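Here's the structure, in structure tokens; my notes come after.
Number of protein chains: 6
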Amino acid sequence: MEFQYENSYEIKDKITASSIAILPVGAVEAHGPHLPLGTDNLLAERVATSVAEQVEAFVLPTLPYGQVWSLRNFPGSINVSNESLISIVVDIGESLYRQGFRTFVMVNGHLGNQPALKNAARVLFTSCPDMKVFYFFYPGMKQAAKEVRETDSAHATYFHACEIETSYMLYLAPEYVDMEKAIKDIPHIPEDADVTPTPWEAFTKSAVLGDATLATKEKGKYIIDIAIRNIVDMLRNNGQK
Amino acid sequence: MEFQYENSYEIKDKITASSIAILPVGAVEAHGPHLPLGTDNLLAERVATSVAEQVEAFVLPTLPYGQVWSLRNFPGSINVSNESLISIVVDIGESLYRQGFRTFVMVNGHLGNQPALKNAARVLFTSCPDMKVFYFFYPGMKQAAKEVRETDSAHATYFHACEIETSYMLYLAPEYVDMEKAIKDIPHIPEDADVTPTPWEAFTKSAVLGDATLATKEKGKYIIDIAIRNIVDMLRNNGQK
Amino acid sequence: MEFQYENSYEIKDKITASSIAILPVGAVEAHGPHLPLGTDNLLAERVATSVAEQVEAFVLPTLPYGQVWSLRNFPGSINVSNESLISIVVDIGESLYRQGFRTFVMVNGHLGNQPALKNAARVLFTSCPDMKVFYFFYPGMKQAAKEVRETDSAHATYFHACEIETSYMLYLAPEYVDMEKAIKDIPHIPEDADVTPTPWEAFTKSAVLGDATLATKEKGKYIIDIAIRNIVDMLRNNGQK
Amino acid sequence: MEFQYENSYEIKDKITASSIAILPVGAVEAHGPHLPLGTDNLLAERVATSVAEQVEAFVLPTLPYGQVWSLRNFPGSINVSNESLISIVVDIGESLYRQGFRTFVMVNGHLGNQPALKNAARVLFTSCPDMKVFYFFYPGMKQAAKEVRETDSAHATYFHACEIETSYMLYLAPEYVDMEKAIKDIPHIPEDADVTPTPWEAFTKSAVLGDATLATKEKGKYIIDIAIRNIVDMLRNNGQK
Amino acid sequence: MEFQYENSYEIKDKITASSIAILPVGAVEAHGPHLPLGTDNLLAERVATSVAEQVEAFVLPTLPYGQVWSLRNFPGSINVSNESLISIVVDIGESLYRQGFRTFVMVNGHLGNQPALKNAARVLFTSCPDMKVFYFFYPGMKQAAKEVRETDSAHATYFHACEIETSYMLYLAPEYVDMEKAIKDIPHIPEDADVTPTPWEAFTKSAVLGDATLATKEKGKYIIDIAIRNIVDMLRNNGQK
Amino acid sequence: MEFQYENSYEIKDKITASSIAILPVGAVEAHGPHLPLGTDNLLAERVATSVAEQVEAFVLPTLPYGQVWSLRNFPGSINVSNESLISIVVDIGESLYRQGFRTFVMVNGHLGNQPALKNAARVLFTSCPDMKVFYFFYPGMKQAAKEVRETDSAHATYFHACEIETSYMLYLAPEYVDMEKAIKDIPHIPEDADVTPTPWEAFTKSAVLGDATLATKEKGKYIIDIAIRNIVDMLRNNGQK
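Residue numbers (full-length UniProt numbering), protein chains in the order written: chain D, 1 to 241; chain Z, 1 to 241; chain G, 1 to 241; chain A, 1 to 241; chain C, 1 to 241; chain F, 1 to 241.
Written out as structure tokens, the structure is:
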């Protein structure tokens, strides 16, 4: 159910304390030659939609701008600050709370947003005391990706426009993938990239962190289905606490 | 051209000092029984798309949350503060500037956003000195609406879910309008509503400010085409200044 | 009654829930060769005084600095930001509320202050729930001015140092007007001045938007008396809501 | 020279790098039964005017609201925060700098404003590097007051509505003093009032910190003339550094 | 070299572009019955001292307050916000930059500080363009801990007052450890603790996340020595980039 | 009792409404050739420890960074803004309040911190209504110093690295004083240094404001013992109010 296509007269009864509002959060960011700038928006939206169907939730309009500090100097990237992101997400959350929602779920498609979304969730923890707030970023994907990937990961937590993320797109939004342009570009990420500010132009020209040519719809389906199942399970368990 | 479906490799050459980035800005807000909550998003997007075709601009992903203070207590409304809106729009504008854009156009579908967008534009005027920033809200519509409307306007500047806005939707997004539910509800707006904070529940239950049953696609086309032409003209003239 | 000439011992009994505090808000801003920089302060003060006499209100000391972004580069203009203005007005309003006032009226003499005053009023709407806050800028003047003006208006909402505002001064503060220096200077305001940041030096050297030589005390009296009557009526009606 | 009565055409030439802008800063605050709420505004204005005459400076409109935390619960007091005060003073100072002033003088009539004015001056020290900013509060008054006072001071740095401040008013603004209502009320100020937040209602009902009945115009003249001379001397010396 | 025991006359020559300033950052936080509240301060200080000896750096006074949101309701915890932490660290970094340092190293002893320190480092990346800023939290410890631990970790990234952290203390600050009070308390951390705000009182009473009785100095030495070596290596490599 | 060496299990019972938390606040700042940069930290800590022993209070870890605007350009100084200082002190105070403390004492060793600490105390006055907050800076020292000093003070309120402060160090932290390097350097402080921002490099190269060679442990003991006694007395009296 897309929230913005509902009308004001009918929405009132549909929003109950047990109903769930899902906000897809993405970004506009360089994703190499074969994936679109809006990759994270597309992924977040489609994961959100799939979750919503299973738990009867409302999907809110996607918040399509994220914190892309690391790639902000790459062509096409649009960066918003942590402060802006926290501020607008808190406003949205507080509005949902006043509208009667007691479960607010952020389905995030961009790793760089996680600290801001976590911070916003903590603000809402205090201002909306009986609303449960989630900030999901492909829960369980780390283990699942390890099982299907054919190349080593370039970094412990980053994946970007690579075998993995391209597989997500082949599963969820294949119409926006151009596999003919997919490349293999395994960067050497400096060991201090996790402990000092390191714009990615320091180690990659393509913004592809791996071998995108190995991406398949099946790999994407394997990981994404696990992530979606994890989200759905956590939302269902939430009702019983 | 939808910006987010471009890729990072090709976008670099496409962005030139003469190219234009258009940001549709809308809102999620009560619009009576016959129009969806996302009416302002739909309108902003489609006006933006039409403008973009005529001036060869990029359309950015819609910023779908706006300042809806007046209707924030109506079912389905999601309100964000002026501060949040200004902050994220300034971030987006500054990113576009660094990406090489020298014309940033906000096509706004929600009147309540105008003060924040104007404020953001002024911030950008200083921080991005040679970028021209526009914040359009149906330029010329006031006169054009006067020419086609069959009922008096309930307020000097507000129009909402009424003969006028419903006509816009019948022209631009008819698939989201349910004319069978359209109502006539002409409120008596207190004369001090412009000079003291007045949530709209003080004078309307429906959030419809007029007679929506009189809406027609033709009226919408008449006004919207004028607004679009005005936008296009101003953007074209901009090049010659 | 000028609030600041009262003393602390007697003011306590004089402030009751039915009493009204009026804050004149003006600006220091270029007003052409014939009007002083403090024109908006003088007008706001004198309108406030007249209103106060009719509704038995207290007039607070004038807040004499306003947001004059558009004319900030003209000789003599002193600009304060929206943020500063909102912040100090909210402080003043909250103090008045704690002092026992339940009606706080801003009589504003400078159009550029309206967005900030409206924003402040909304903040106070939440923090001082049973205090009514008004932000008046010559209510009803648009229609009244149309009736008396001999030249067309240079802009739909601006009037500045022109036939109209000079007439206000001739009525309310003639000792500060030098009609021998009054000029006629009808600028061509670019059509996009309302939709893109446009410092006024782009279209005028004088800061006079019209024909000041046509100003008369009678025109001023006609419009100002209507505005004052409208303010008084709204304040009186307020008691009955 | 009152700045706000100048006009934009002539002010340009009058503002030179050697000219001085003086901002009187006061407060609206309880001052006992015999002095008006606006005592600090009156004093600041008149000291400023006297200084301006001697150094050929412009006097700006008074900023009539100050930080009166200690007396904020007394009838008639209007309190603004340090943050608001700093913000608006910085805006004013930066505007004066852009207008060409290189000396910005705050003549402050309210002790509680000093920390905010000092803070603002330091901000301007960085943002307006070659503008000299002063924040005067009766320089030299401590010693001078000691020489003329007939009663001991109730506190090392406070004086308020007492023998001293009432004398200032008898000298500078006698028309606002009602000596028939003047009282003697020497409070016992707790020794920890300087080291823990202590609203004045903890130790005084009158807000008079001493024996106002001993005030004379002569005492006021003695101290104020010294303060003014000190200000004038420092401004004159400034030119030679 | 402890920075604060240097004097102003000699420090000038000692600070060169190649010299390094190390800021230990810790927290005051519940650490079970056997470890002190200041555990993270002690660890950060002693790791910093060890690093400093190897790279000839200055150790600054410890910033002893951290973001302990998760444990803020436990006895003895003192929590500061991300905003406060970012603000003071940025101030410190900018001062060091003006003093001539070009390498600023945060040695952090508390996981909860990492997002704020990373954020501060990014601010400094822009404001101090040629200063390298590091934010270390036991680099390499994850793998090293896996090699020595006898019990499974209770959580993928948390370790707290457990076999691991107690071992650190036995190695670096044994005089503050009371092993007689050490307990085993392996909590069941809910699977959604990483995706929704979860104060730790939801799953532990002791704040011990494991079996502290298994801690040994040797385990601590093994991991800490690796972490220190990693820090030293990265600082040394930094010189060659 | 050093708070950070307590453990979470035992601290709960030790914190009662009558117990006191003392926060030493210092600075890292140039103190001439004979005193260390951390002089204010050492003094604050040791005064705090002495007070704590007499009133059975907890001493918190020292906040070792202060607002040193005036000396920020001297070698070794590290400056933090008023805003940062206020923010972190308020956080600490609010945490202490939630932990059960009802008396929060700041023992400050650096004059430049007083405005920020006072401001923070006022914020806490509102947010923690029944917690008493003190901000001490050597209470009574002015009179006591006058009695023992052999040279005139260079300034009415400043003392720095001079006969007085060096005496404090000889009494409280003699191991950090190098009297062989002590100098006499009595600056001429411009008379306007109190009324316009004046970095100390304008009048001193050494940062020593007097004759440090005259410092003795006895002078230090005389003044410090008075200051400590005053603090202790005020804390004891506090219980009876």
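Even glycine gets a Cβ: it sits at the ideal position worked out from N, Cα and C. Since the model is a prediction, treat every value here as computed from it, not as a measurement.
Supposed contact pair residue j and residue i - C-beta distance, whole angstroms, cut 8 Å
i: threonine 198 of chain Z; j: proline 190 of chain Z; result: 7 Å
i: isoleucine 223 of chain A; j: glycine 32 of chain A; result: The pair is not a contact, with the Cβ atoms about 19 Å apart (cut-off 8 Å).
i: valine 105 of chain Z; j: isoleucine 164 of chain Z; result: Not quite, the Cβ-Cβ distance comes to about 23 Å (not below 8 Å), so this is no contact.
i: cysteine 162 of chain D; j: aspartate 211 of chain D; result: 7 Å
i: glycine 140 of chain D; j: alanine 227 of chain D; result: 6 Å
i: valine 51 of chain C; j: isoleucine 231 of chain C; result: 5 Å
i: proline 64 of chain A; j: asparagine 41 of chain A; result: 5 Å
i: glycine 220 of chain A; j: tyrosine 171 of chain A; result: 3 Å
i: proline 24 of chain F; j: glutamate 45 of chain F; result: 5 Å
For residue i: DSSP bridge partner residues
i: glutamate 94 of chain Z; result: Looking at the DSSP assignment, glutamate 94 of chain Z forms no beta bridge with any residue, so it has no partner.
i: aspartate 185 of chain A; result: A/Gly210
i: glycine 66 of chain D; result: D/Asn79
i: alanine 154 of chain F; result: None, per the DSSP bridge assignment.
i: alanine 21 of chain G; result: G/Phe58, G/Phe104
Exposure label - residue i; buried when at least 16 CB within 10 Å
i: glutamate 6 of chain D; result: buried
i: alanine 116 of chain D; result: buried
i: serine 206 of chain A; result: buried
i: proline 61 of chain Z; result: buried
i: glutamate 150 of chain A; result: exposed
i: lysine 241 of chain D; result: A caution first: lysine 241 of chain D carries a pLDDT of 43, below 50, which makes its placement in the model unreliable, though a value can still be read off. Classification of lysine 241 of chain D: exposed, given that the 10 Å Cβ count is below 16.
i: glutamine 114 of chain C; result: buried
i: threonine 204 of chain Z; result: buried
i: glutamine 4 of chain Z; result: buried
i: serine 70 of chain D; result: buried
i: asparagine 119 of chain F; result: buried
i: glutamine 99 of chain F; result: buried
Top-ranked residue by Cα proximity to residue i, from the options
i: alanine 215 of chain A; options: A/Arg122, A/Glu201, A/Lys181, A/Glu45; result: A/Lys181
i: glycine 26 of chain D; options: D/Ala52, D/Gln67, D/Ile20; result: D/Gln67
i: glutamate 2 of chain F; options: F/Asp13, F/Glu56, F/Asp194, F/Ser18; result: F/Glu56
i: methionine 234 of chain A; options: A/Ala30, A/Tyr135, A/Val59, A/Arg122; result: A/Tyr135
i: histidine 160 of chain A; options: A/Met169, A/Asp185, A/Leu209; result: A/Leu209
i: serine 95 of chain F; options: C/Thr16, C/Val80, C/His155; result: C/Val80
i: aspartate 178 of chain Z; options: Z/Lys142, Z/Val28, Z/Leu35; result: Z/Leu35
i: residue 242 of chain D; options: D/Asn108, D/Tyr97, D/Lys217; result: The shown model of chain D, from 1 to 241, leaves out residue 242 of chain D, and the question about it has no answer.
i: residue 283 of chain C; options: C/Ser153, C/Thr103, C/Arg72, C/Gln54; result: The displayed coordinates of chain C run from 1 to 241. Any statement about residue 283 of chain C would go beyond what the structure contains.
The segment 59–70 of chain Z: positions lying closer than 7 Å to chain G by Cβ: Trp69
Residues within the segment 217–232 of chain G neighbouring chain A, beta-carbon criterion of under 7 Å: none
What residues from the segment 94–118 of chain Z come within 7 Å of chain G, judged by C-beta to C-beta, listed N to C? Pro115
Which of the residues in the segment 1–14 of chain F, read from start to end, lie with their CB under 7 Å from any CB of chain C? Phe3, Gln4, Tyr5, Glu6, Asn7, Ser8, Tyr9, Ile11, Lys12
Can you list, in chain order, the residues of the segment 148–182 of chain A whose Cβ is nearer than 7 Å to any Cβ on chain G? Residues Tyr176.
Please identify, using Cβ separations under 7 Å, the residues of the segment 74–86 of chain C that lie next to chain D, in order along the chain. Asn82
Residues within the segment 191–209 of chain C neighbouring chain D, beta-carbon criterion of under 7 Å: Glu191, Asp192, Val195, Thr196, Pro197
Residues in the segment 134–149 of chain D with C-beta within 7 Å of chain C's C-beta atoms, listed in sequence order? Phe134, Tyr135, Phe136, Pro139
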